[in-house]
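Enquirer: Pasting a structure here, questions to come.
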Amino acid sequence: MNAGAPAAAPLLEARDVAKSFGSTRALDGVSFDVAAGEVHALVGENGAGKSTLVKILSGAHAADRGRMELLGAPYRPAGPLDARRRGVAMIYQELSLVPHLTVEENIMLGREAHRFGIVRKAEHLARVRDALALLGHADIRPSAPVRELSAGAQQIVEAARALAFEARIIIFDEPTSSLTPEDARRLFGAIRTLRDRGAGIVYISHFLEEIAAIADRVTVLRDGRSVGSGRVRETSIDRIIELMVGRKVAELYPRIPRTCGEVVLAADALSGLALPRGASFTLRRGQILGIAGLVGAGRTELLRALFGLDPIRDGWVTVRAAVLGKTAPRDMTDRGVGFLSEDRKGEGLAVRLSIEDNLTLSRLRPYTRLGWLSLSRRRAAAREWVDRLAIRARDACQDVADLSGGNQQKVAFARLLHQQADILLLDEPTRGIDVASKAELYRLIGALAARGAAIIFVSSYLPELFGVCDTLAVMARGRLSAAEPVAAWTPERVMACATGGTA
Amino acid sequence: MKPNAAAAARALRMLGPFLGLVCIIAVFTAIDCLQAHREMRDPTYLTAANFVNVSNQTVIVAIAAFGMTMVIVSAGIDLGAGSVIALAGVVVALVLRGSDDSGALARWPVLLPLAAAAAGVLAGGTAGLANGLLITRLGVVPFIITLGMMGIARGCAKMAAGNQRIEAPTGWVGEIMATPPDPAWYGVSWGVWLMAALAVLTALAMRYTVFGRHVFAIGSNEATARLCGVAVPRVKLAVYTLHGLYTGIAGVMMFSTLEVGDPSVAVGKELDIIAAVVIGGGSLAGGEGSILGTIIGAYIMSFLRSGCTTIGLQNYWTEIFIGASIVIAVAIDKLRRARRA
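Residue numbers (the working numbering), protein chains in the order written: chain A, 1 to 503; chain B, 504 to 844.
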């Protein structure tokens, strides 16, 4: 699959684009193009360089090397705004809508039609209604505040903004990751409309079935390089996966033999305020339980309720011998439960503090005497952990913000180990970190389980769940399926289960 | 839903502060009537004369709060408003005294007070422009910049006034806040009419101009506003400059009320101004706030003050009530939102 040339002349073409961040080479000479009236999918693992590439295309980053052409003219956007003005619109994963303004105000923001500074609302409404109707969404009211819309409707508003201003290139970055299947279906309809009107669409997704459904061409990135591209009709999903992973799955997911012990954590019909709804499971020493599901299915809420960060409305949690109807983080920490947040920078770590501060925050007792901290002993202990987990840092007193994502995650792990947790609740532990660091984390998680830790592993990335876990359960709309051995699952059945179909 | 559902939702948001105002007036009116009955006199609280007074007492805070509403909607803050009011008042007094000394005031009795008022307004605008420039060029948060301006403007006012009150003939500027007004059929003072006119003008500008939308967009999500091509620094500069001009107008009103230029007046006034915006539904996180809400907020504080005086409560009760009204207003808003979510 090397042919991959577009039928028509490309609208946007990038040749040999490279970009480094510090010592990390994010893109290493990638060529990519998109023609009018086609959907070109971009796939690859996290850290493969997809985001970097589309950020260069949309002007958020400047390339270190390489050339870009838009409609045959040299293209080097000064910033996202410049790119937008030239017809390249990016629809971000985190939506770039202004929550307090209405649909109409958002779509027209920055390009208002006006007379002497007074907005020509009638003209706005006409354009907004036209754009929404074209996308098949005349049901979205132009006067509705955007924050009151569903995630799916917000995506449509973003697409309408691109349509209202006749963007020639529209980049979608994992648009369906937080959508219901119904919303995703409607978004696909909108994307096809845009395509048929002659726009060039770049589409990033982890869901390969989506690519088969929507894309005309696909390009696979791995470790900052383009490792293959071709027509979707002539390419099998298996081949794409092979290109994405590029190595034998066994190497990435080392197996250390382990045996399961007694049950240490169990939930019985656990319900939170909204999610989860009546979730039950048991977890044994030395077991890794994977929980799959779509974003928003309630996996994070389950872990948060278990750990006491969110209230429990109904049901029970059993930690070793204790049956609890109410949980609190402090109490769970004392019982040896550790929680790794999916929001590493916002919640998981105090990124403006040092490694040692972060590492020891949850258990300072060994270094205190009469309430006074022994900083030297604390630093010695922190250094030991930095060595043990091979955290690449200058010193234990370096700020966490200066570390790479993978090393930050290791600091978060080290804190759990330092607090002597042996029941670990891991929420998306490998999100946003590079493949090499992931492999290290998989090894670490495996080693912990082999030493008797009990682990819940929540992830949206199926291959790692299959590679790392012993048993797997799927969450959909707050309900947790029965856990079954990984070998009993197939990716298709997990997806069917996650998208609301039955297993 | 109907197309004017958004308008209905907006009106509903105003309902909270408005009901608060009605409740306060009702409670004090009831107590006042009881006392009046017992003391065999006429009630004084809910009367036209008291409304004229209360409105007069609202003018300074409300006019500055219109500018502050724009600032707060854009997710900013201004802690220097009180000092700038004092500075503007001093500038008005200085110009009037100077022109009186040279005999010019007698020759141009209309034009010169106008020039003095304009100078006061411009002094406020200059302080606002300086705030805006520092905030946008240095990228320092408004809290810090305007905290600095609080000291700088106050110091400048004292320096310009030679550290004392400036006695000056007021000319017609002294009439602005006079009650009863001349002509008497105006009902309330010129200043109150000016406040009403500015309220309407600012409210329309916030809703119907490109500038107004951009202010809301910046306060709601600055990064997105930038991405969509909103000239964020220019809009912020305009917001702070406009707010400075409004504060300058408030300073002229202050001079008109006191009839002297006093550099040590309006200490802490900025907190009343911010409170008016917040009671009226403004969010310090930005993106929310309205002129109508702000003027209701300003009136709530004035009616509370007047009510406490009428029924003979000590000053400290006034302070406690006003403090509580801020907390209650925000708490109700928060509760209502939690229920909707």
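Glycine included, C-beta positions come from ideal geometry on N, C-alpha and C.
1) Do we get a CB-CB distance below 8 angstroms when we pair B/G732 with the residues of chain A?
2) Buried or exposed for B/Q667, going by 16 or more other Cβ atoms inside 10 Å?
3) Any beta carbon of chain B sitting closer than 8 angstroms to that of A/R111?
4) Could you tell me if A/S376 is buried or exposed, where buried requires 16 or more neighbouring beta carbons within 10 angstroms of its beta carbon?
5) Ends of the alpha helix (DSSP H) at A/H124?
6) Would you say the region 533-553 of chain B touches the region 821-832 of chain B, given that touching needs at least three Cβ pairs under 8 angstroms?
7) Between A/P517 and chain B, is any beta-carbon pair separated by less than 8 angstroms?
8) Label B/K837 either buried or exposed according to how many other C-beta atoms from any shown protein chain fall within 10 Å of its C-beta, with 16 as the threshold for buried.
9) Can you list, in chain order, the residues of its chain whose CB lies under 6 angstroms from that of A/G348, leaving out five sequence neighbours each side?
10) Need the endpoints of the alpha helix (DSSP H) that B/H717 sits in, please.
11) Distance cutoff 8 angstroms, beta carbons only. Does B/V735 sit that close to anything in chain A?
12) Measure the C-alpha to C-alpha separation of A/D16 and A/P74 and round it to an integer number of angstroms.
13) Beta carbons nearer than 9 angstroms to chain B: which residues of the region 128-140 of chain A have them?
14) Looking only at its chain, what residues have a beta carbon closer than 6 angstroms to the beta carbon of A/L294, apart from the 5 residues adjacent to it on each side?
15) For a test of the three-state rule: what should DSSP assign to A/P485, helix, strand or coil?
16) So the beta strand (DSSP E) B/Y548 belongs to, where does it begin and stop?
17) Give the interface partners of A/L194 over in chain B, defined as CB-CB distance under 7 angstroms, in chain order.
18) Rounded to whole angstroms, what is the Cα-Cα separation between A/E112 and A/R120?
19) By how many angstroms is the C-alpha of A/A122 removed from the C-alpha of B/G789?
20) Examine the Cβ distances between the region 773-782 of chain B and the region 673-690 of chain B and report whether three or more of them are shorter than 8 angstroms.
21) So for A/L101, helix, strand or coil by DSSP?
22) Any idea which residues DSSP pairs B/S692 with across the strands?
23) From the DSSP output, in three-state form, read off B/L816 for me.
24) Shorter than 8 angstroms from the beta carbon of A/R84 to some beta carbon of chain B?
25) Mind listing the chain B neighbours of A/G117? Cutoff is C-beta to C-beta under 8 angstroms, in chain order.
26) A/K19: which of A/F32, A/E13, A/I56 sits nearest, CA to CA?
27) Taking the beta carbon of B/Y743 as the centre, do at least 16 other beta carbons fall within 10 Å, making it buried, or is it exposed?
28) Using a threshold of 7 angstroms, is the CB atom of A/A18 nearer than that to any non-hydrogen atom of the ligand NAP?
29) Where does B/I580 sit, in a helix, a strand or coil, going by DSSP?
30) Answer yes or no: do B/I648 and B/N634 have a C-beta to C-beta separation smaller than 8 angstroms?
31) Evaluate B/L515 with the Cβ neighbour count: other Cβ atoms within 10 Å of its Cβ, from every protein chain shown; 16 or more gives buried, anything less gives exposed.
32) Which whole-angstrom value describes the C-beta separation of A/R129 and A/P142, a residue pair presumed to lie in contact below a C-beta threshold of 8 angstroms?
33) Starting from A/S271, follow the beta strand (DSSP E) in both directions and report where the run begins and ends.
34) Starting from the Cα of A/A533, find the closest Cα among A/L97, A/S58, A/R67, A/E69 and give me that residue.
Expert: Working from what's here:
1) Position 229 of the second sequence, counting from 1, holds the residue named residue 732 of chain B. At least one C-beta of chain A is nearer than 8 angstroms to the C-beta of B/G732.
2) Here residue 667 of chain B refers to the residue found at position 164 when the second sequence is read from its first residue. Classification for B/Q667: exposed.
3) Locating residue 111 of chain A in the first sequence gives position 111, counting from the first residue. True, the Cβ-Cβ gap to chain B drops below 8 angstroms.
4) Counted from its first residue, the first sequence places residue 376 of chain A at position 376. Its Cβ having fewer than 16 others within 10 Å, A/S376 is exposed.
5) Walking along the first sequence from the start, residue 124 of chain A turns up at place 124. Residues 121-134.
6) With a cut-off of 8 angstroms, the region 821-832 of chain B and the region 533-553 of chain B do not count as touching, because too few Cβ pairs lie within range.
7) Since the displayed chain A opens at 1 and closes at 503, residue 517 of chain A lies outside it and no answer follows.
8) Stepping through the second sequence from its first residue, residue 837 of chain B is reached at position 334. Exposed: under 16 other Cβ atoms inside 10 Å.
9) Against the first sequence, residue 348 of chain A aligns to sequence position 348. Cβ-Cβ distances below 6 angstroms link A/G348 to S341, A412 in the same chain, with the five nearest sequence neighbours on each side left out; the list follows chain order.
10) Indexing the second sequence from 1 puts residue 717 of chain B at position 214. Counting along the chain, the alpha helix (DSSP H) containing B/H717 begins and ends at 713-723.
11) Locating residue 735 of chain B in the second sequence gives position 232, counting from the first residue. No, no contact with chain A.
12) As a working note, residue 16 of chain A is residue 16 in the first sequence. As a working note, residue 74 of chain A is residue 74 in the first sequence. Distance from the CA atom of A/D16 to the CA atom of A/P74, rounded to whole angstroms, is 14 angstroms.
13) Listed by position, the residues of the region 128-140 of chain A near chain B (Cβ gap below 9 angstroms) amount to none.
14) Within the first sequence, residue 294 of chain A is the residue found at index 294, counting from 1. The answer, listed in chain order, is A498.
15) Start at 1 with the first residue of the first sequence, and residue 485 of chain A comes out as number 485. In the displayed model, A/P485 falls within a strand according to three-state DSSP.
16) Looking up residue 548 of chain B in the second sequence gives position 45. Where B/Y548 is concerned, there is no enclosing beta strand (DSSP E), given that its DSSP letter is neither H nor E.
17) Sequence index remark: in the first sequence, residue 194 of chain A carries index 194 (1-based). Per Cβ cutoff of 7 angstroms: no residues; A/L194 is ~19 angstroms from chain B at best.
18) Along the first sequence, read from residue 1 onward, the residue named residue 112 of chain A stands at position 112. Along the first sequence, read from residue 1 onward, the residue named residue 120 of chain A stands at position 120. Here the alpha carbons of A/R120 and A/E112 stand approximately 8 angstroms from one another.
19) The residue you call residue 789 of chain B lines up with position 286 of the second sequence. The residue you call residue 122 of chain A lines up with position 122 of the first sequence. One C-alpha to the other measures close to 27 angstroms.
20) Contact fails: fewer than three Cβ-Cβ distances are below 8 angstroms.
21) Here residue 101 of chain A is taken as the residue at index 101 of the first sequence, counted from 1. In the structure shown, A/L101 adopts coil according to DSSP, grouped into three states.
22) As a working mapping, residue 692 of chain B is identified with position 189 in the second sequence. Answer is none; B/S692 lacks a bridge partner.
23) Locating residue 816 of chain B in the second sequence gives position 313, where the first residue counts as 1. In this structure, B/L816 counts as coil in the three-state DSSP scheme.
24) Residue mapping note: residue 84 of chain A aligns to position 84 of the first sequence, counting from 1. Interface criterion met: the Cβ of A/R84 is under 8 angstroms from a Cβ in chain B.
25) Here residue 117 of chain A refers to the residue found at position 117 of the first sequence. Here the neighbours are T712, V713, F714.
26) For this step, residue 19 of chain A is matched to residue 19 along the first sequence. Nearest of A/F32, A/E13, A/I56 to A/K19, Cα basis: A/I56.
27) The count along the second sequence starts at 1 and reaches residue 743 of chain B at position 240. Classification of B/Y743: buried, given that the 10 Å Cβ count is 16 or more.
28) The ligand NAP is not among the ligands present in this structure, which contains no ligands whatsoever.
29) As a first step, residue 580 of chain B is located in the second sequence; it is residue number 77 there, counting from the start. Here B/I580 sits in coil by DSSP.
30) Position 145 of the second sequence, counting from 1, holds the residue named residue 648 of chain B. Position 131 of the second sequence, counting from 1, holds the residue named residue 634 of chain B. If you check the CB distance, B/I648 and B/N634 come in under 8 angstroms.
31) As a first step, residue 515 of chain B must be located in the second sequence, where it is residue number 12. Within 10 angstroms of the beta-carbon of B/L515 lie fewer than 16 other beta-carbons, which makes it exposed.
32) Here residue 129 of chain A refers to the residue found at position 129 when the first sequence is read from its first residue. Here residue 142 of chain A refers to the residue found at position 142 when the first sequence is read from its first residue. With a beta-carbon spacing of about 6 angstroms, A/R129 and A/P142 fall inside the 8 angstroms limit used to define contacts.
33) Numbered from 1 along the first sequence, position 271 holds the residue referred to as residue 271 of chain A. A/S271 -> beta strand (DSSP E) spans 263-272.
34) Summary: the structure shown does not reach residue 533 of chain A, with chain A confined to residues 1 through 503, and so no result is reported for it.
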